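Structure first, commentary second.
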Amino acid sequence: MKSLQRAIESLVAQLPEVEQSLGAPDVVSDRKKFKELSIRYSYLSDVSTAWVEYEKLTKDLKGIHALLKEEKDEEMR
Numbered sequence: 013m014k015s016l017q018r019a020i021e022s023l024v025a026q027l028p029e030v031e032q033s034l035g036a037p038d039v040v041s042d043r044k045k046f047k048e049l050s051i052r053y054s055y056l057s058d059v060s061t062a063w064v065e066y067e068k069l070t071k072d073l074k075g076i077h078a079l080l081k082e083e084k085d086e087e088m089r
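Residues 13 to 89 in our numbering are what the sequence shown lists, from first letter to last.
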């Protein structure tokens, strides 16, 4: 799982660089390069959004597990 996590974090880390490149004058004037970077940006943006949601849900789940461990009422477990 750690290698997958590192791979996803590596992709997410590329997002600001690609975003900055999209605004560069040489990229804007090169349709092919602009299109390639736009597609890459869209992909990385989707990965980033999904990763943030995954991290939030994982954190929420850990909190729920902690609450269940502390719960004294058997019916709530």
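No residue lacks a Cβ here, since even glycine has one placed at the ideal position from N, Cα and C. It should be emphasised that the depicted structure is a prediction, and the values quoted were computed from it without experimental measurement.
Reduced DSSP secondary structure (H/G/I, E/B, other) of residue i
i	result
residue 35	coil
residue 21	helix
Residue environment, residue i, which counts as buried when at least 16 other CB atoms sit within 10 Å
i	result
residue 69	exposed
residue 16	exposed
residue 56	buried
residue 79	exposed
Straight-line gap, residue i to residue j (C-alpha atoms, nearest Å)
i	j	result
residue 33	residue 76	41 Å
residue 41	residue 35	10 Å
residue 52	residue 74	33 Å
*Taking only runs that begin and end inside the stretch 29–76, name each unbroken alpha helix (DSSP H) of 4 or more residues, in chain order.*
37–40
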